[in-house]
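Q:
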Amino acid sequence: TQLLEQSPQFLSIQEGENLTVYCNSSSVFSSLQWYRQEPGEGPVLLVTVVTGGEVKKLKRLTFQFGDARKDSSLHITAAQPGDTGLYLCAGARQAGTALIFGKGTTLSVSS
Amino acid sequence: DVKVTQSSRYLVKRTGEKVFLECVQDMDHENMFWYRQDPGLGLRLIYFSYDVKMKEKGDIPEGYSVSREKKERFSLILESASTNQTSMYLCAMRAPEGELFFGEGSRLTVL
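Residue numbers (the working numbering), protein chains in the order written: chain X, 285 to 395; chain L, 396 to 506.
#1: How should A362/X be labelled, buried or exposed, when 16 other C-beta atoms within 10 angstroms of its C-beta is the threshold for buried?
#2: For E417/L, which option in Y484/L, E492/L, E494/L has the closest C-alpha, if you only look at C-alpha atoms?
#3: Alpha carbon to alpha carbon, how far is V334/X from A376/X? Give it in angstroms, no decimals.
#4: Between the C-alpha atoms of S296/X and K465/L, what's the straight-line distance to the nearest angstrom?
#5: Which runs of the beta strand (DSSP E), 3 residues or longer, sit entirely within the segment 455 to 491 of chain L?
#6: Since I believe F443/L is in contact with G453/L (beta carbons under 8 Å), could you give me their beta-carbon distance rounded to a whole number of angstroms?
#7: Shorter than 8 Å from the beta carbon of L436/L to some beta carbon of chain X?
#8: Classify D351/X as buried or exposed, calling it buried when 16 or more other Cβ atoms lie within 10 Å of its own Cβ.
#9: Is the distance from the Cβ of S291/X to the Cβ of L316/X below 8 Å?
#10: Where does D421/L fall in DSSP's three states?
#11: At a CB distance below 9 Å, what residues from the segment 417 to 443 of chain L approach chain X? Give them in sequence order.
#12: Have a look at N308/X, V328/X, L345/X and flag the residue whose alpha-carbon is nearest the alpha-carbon of L287/X.
#13: Residues of chain L with CB closer than 8 Å to the CB of S315/X, please, in chain order.
#14: Which same chain residues, not among the five before or five after G493/L, have their C-beta less than 6 Å away from its C-beta?
#15: Between which two residues does the beta strand (DSSP E) carrying S357/X extend?
#16: To be precise: take each residue of the segment 475 to 489 of chain L, compare its Cβ to all Cβ atoms of chain X, and keep it if any distance is under 7 Å. Which residues remain?
#17: Between the beta-carbon of F415/L and the beta-carbon of A487/L, is there less than 8 Å?
#18: Do the CB positions of G369/X and Q293/X come within less than 8 Å of each other?
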C-alpha cells in the first residue's frame, strides 16, 4: 500500500506555465517535506510543513499542507527550465520516525 | 556544508557476489538511512540506524544487511547479489530538525 500518492507522475510543460503537484494520503502526518532531485544526484530538501493549513513560499514555489495534515501541494508559478527534475513528497507519521516517500513527479520544462 | 559521501557512484557485480556499499557523514548525527530508488517505485526504505550498533528494518530488508560500527559510517551489505537488486542506492543522514541529507547515490548493476 502506497501511503503517499503523488500526482501527476509526469508533467511536461512550456517555460512560463504554472503547475501544481499533489501529494495525498488517507493517513495523518506530523510533517511533510518536499524534495527535488536532479539526474545523478540525491534529493535535496525544499521545504518542511508541520502545521495543518500552513502555506510556505520559496520564490516561485508555494507549498501548502492540508488542514487535516493528510495532503500537500506544490505550486510553481512561471516555470523555468531550471525547475526540471523529480519532485518527491515525504512524510513522517510521528516525529522522529523514518520518512515515507511518494513515488515522485517528474517535471520537464522546455524553453 | 553537510556532506554525505557514498563510496562508489557506479558498480557492476555478478550474481552471487558480496557487495559493500559504504556511506560516511561529516556531522555527528545519530540517524542514518539506506533507500533504493527504482523507476515508478520511488524511494523505498531498506534499513535505518539510530545509533552505533543499532539497526532497524525498513520496508524491504530482504537480501540486505547493514553495519554501523562507527557513528559516521553506515554500510549496506548484499550478501549474495541478485539481478533484482540492480538499482540506485541512496544513503541519507537526518539532521535534528528533520531534514534528510542524501549522498549522490550508488548505481549498482548485477549481471
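From the three backbone atoms N, C-alpha and C, an ideal C-beta is built for every residue, glycine too.
A: Reading off the structure:
#1: exposed
#2: Of the listed residues, the one whose Cα sits closest to E417/L is Y484/L.
#3: 10 Å
#4: 44 Å
#5: 460 to 465, 468 to 473, 482 to 489
#6: 6 Å
#7: yes
#8: exposed
#9: no
#10: coil
#11: N426, F428, Y430, Q432, G435, L436, G437, L438, R439, L440, F443
#12: N308/X
#13: G493
#14: none
#15: 355 to 360
#16: L485
#17: no
#18: no
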